[in-house]
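The structure appears right after this line, and notes come after that.
Numbering (our numbering), first residue to last: 68 to 286.
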């Protein structure tokens, strides 16, 4: 992890972009980098600017810079280096791409940052079997029903009338939203590796939970 830490320390980048004859300088920097020896987690804060289009009255387009700041953590799994970004989906995907670019610098490095993690149906099913829960929403995709590719069941309908078994047969689970009885929070787990918590939980507790309950199940 020392090599990873050295690549992220004191990062301050400026990326000039020319749009419609005007140059915008987009900044990216990392701060508050911290190595937690006990938990073996490298954490920090990534701040970056993006260019936003602003439609003008009467037509035309203007551009303005927008800043985003997210927290992130890096830790080793069994076979890879994992990156957790704490933000909404759009922020997380952009931040993960930027961190991955900083780490690799276009080179072939012996570490792989997993920022498009896939959580298989088997892993989701194993997780559900391990934890007492109440299903709130279950979603499926790749359904082979005529005219229907995606669908979801909500609340009391989830386990009624054999719908869940029928959907599992004709497609695959894309996400589950459940209430965990032991933690009294609601968590949404997507096959795209996006985990959303609804309730009072700290970033550190969320990260520990993801490592212990999800990452530990990945092959």
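Ideal placement from N, C-alpha and C gives every residue a C-beta, glycine not left out.
Check                                                                                                                : Outcome
Residue 103 - DSSP class collapsed to helix/strand/coil                                                              : strand
Candidates 273, 281, 96, 266, of which the one nearest residue 140 by Cα                                             : 273
Minimum length 3: unbroken beta strand (DSSP E) runs contained in the stretch 83-166                                 : 89-103, 108-122, 128-143, 148-153
Through-space distance from residue 163 to residue 255, alpha-carbon basis                                           : 20 Å
DSSP-derived helix/strand/coil call for residue 188                                                                  : helix
Element boundaries [alpha helix (DSSP H), containing residue 74]                                                     : 69-75
Bridge-paired residues (DSSP) for residue 280                                                                        : In DSSP, residue 280 forms no bridge with anything.
Candidates 117, 170, 221, 257: closest to residue 91 by CA position                                                  : 117
Straight-line gap, residue 185 to residue 260 (C-alpha atoms, nearest Å)                                             : 5 Å
Start and end residues, alpha helix (DSSP H) containing residue 299                                                  : No information on residue 299 is available, as it lies outside the stretch 68 to 286 that the chain covers here.
8 Å Cβ shell around residue 211 - same chain, five flanking residues per side excluded                               : 237, 238
Residue from 280, 284, 119, 275 with nearest C-alpha to residue 109                                                  : 275
Cβ distance (whole Å) where residue 100 is taken to contact residue 111 below 8 Å                                    : 4 Å
Own chain partners of residue 234 with C-beta closer than 6 Å, once the 5 adjacent residues on each side are dropped : 207
Nearest candidate by alpha-carbon position, reference residue 105, set 142, 119, 171                                 : 142
Where residue 263 sits in the DSSP three-state scheme                                                                : strand
Under 9 Å between C-beta atoms of residue 130 and residue 86                                                         : yes
Contact check, residue 288 vs residue 158, beta carbons under 9 Å                                                    : The chain is shown from 68 up to 286; residue 288 falls before or after that span and cannot be answered.
Expected contact under 8 Å - CB spacing of residue 262 and residue 252 to nearest Å                                  : Rounded, the Cβ-Cβ distance is 12 Å, inconsistent with contact.
CA nearest to the CA of residue 217, picked from 195, 240, 201, 226                                                  : 240
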